[in-house]
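Engineer: For the sequence shown, position 149 matches number 162 in my numbering, and the numbering has no gaps at all.
Ideal Cβ positions, reconstructed from N, Cα and C, are used throughout, including at glycine.
Encoded as structure tokens, here's the structure I'll be asking about.
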Amino acid sequence: MSSLKVVVGSTNKVKVNAIKNVFANFDVTSLAINSQVSAQPISDEETIKGALNRALGAKRFGDIGIGLEGGVQQTSLGMLLINYGALIDEKNKTYIAGGARILLPNVIAKEIYNGKELGVIMDVYANKQNVKHDEGAIGIFTNNLIKRTDIFEHIGKLLYGQMISGKNDI
């Protein structure tokens, strides 16, 4: 096991478990770190900023800080579900990665524009509780072929791969 301590800037079990799966040979812990963006990020920029802020906050408590953030992005075809991650390594190099995107139904987009958070909307839409801590909107809209953990694992792999290559920091 690596002696490096990885801190995830969230206590959301989906995000934490995704990173634990990717960084299985590391000491992975989690802390609630404020993203310093709105509860529902509504652009790529805001979502990236939230992930970066979580990574920066998490890095204060470990060797590697990781932040993951979900959001939405309006396009000419409608609103997309988006996800980003940021990693700050032990040398303070920063890596950014994004995940898959899918178009959200207009009924969901309208609720977001009315100021509601996607997680709250999805609980009502799916008639379930804590969708964002389980399959996520991506799971609901893909019939669970892709779950929220899958998206964040993919982002975690993109971040880890960049870190070990050492060639793509910002």
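If we require 4 or more residues per run, which alpha helix (DSSP H) segments fall completely within the stretch 62–138?
Structural biologist: 119–126
Engineer: Residue 147 by DSSP, collapsed to three states: which one?
Structural biologist: Residue state, collapsed to three classes: coil.
Engineer: Ordered along the chain, which non-local residues of its own chain (more than five positions away) have a Cβ less than 6 Å from that of residue 18?
Structural biologist: 40, 75, 76
Engineer: Would DSSP call residue 24 helix, strand or coil?
Structural biologist: coil
Engineer: Alpha carbon to alpha carbon, how far is residue 58 from residue 157?
Structural biologist: 28 Å
Engineer: Specify, as a first and last residue, the run of the beta strand (DSSP E) that residue 40 falls within.
Structural biologist: 40–43
Engineer: Let me know the secondary structure DSSP gives residue 160 once reduced to three states.
Structural biologist: coil
Engineer: Give a yes or no on whether the C-beta atoms belonging to residue 85 and residue 115 are separated by under 7 Å.
Structural biologist: Residue 85 is not a Cβ neighbour of residue 115, given a cutoff of 7 Å.
Engineer: Assuming residue 43 and residue 29 are in contact, meaning their beta carbons sit under 8 Å apart, how far apart are those beta carbons, in whole angstroms?
Structural biologist: About 4 Å separates the two Cβ atoms, so the contact holds.
Engineer: From residue 22 to residue 89, what does the alpha carbon distance come to, in whole angstroms?
Structural biologist: Taking the straight line from one Cα to the other gives about 32 Å.
Engineer: Can the beta-carbon of residue 34 be found less than 7 Å from the beta-carbon of residue 166?
Structural biologist: yes
Engineer: What is the DSSP secondary structure of residue 170, counted as helix, strand or coil?
Structural biologist: DSSP places residue 170 in helix when its eight states are reduced to three.
Engineer: For residue 102, verify whether its CB is less than 6 Å away from any heavy atom of the ligand ADP.
Structural biologist: Among the ligands in the structure shown, none appear at all, so the ligand ADP cannot be discussed.
Engineer: For residue 179, is the classification buried or exposed, using 16 other Cβ atoms within 10 angstroms of its Cβ as the cut-off for buried?
Structural biologist: exposed
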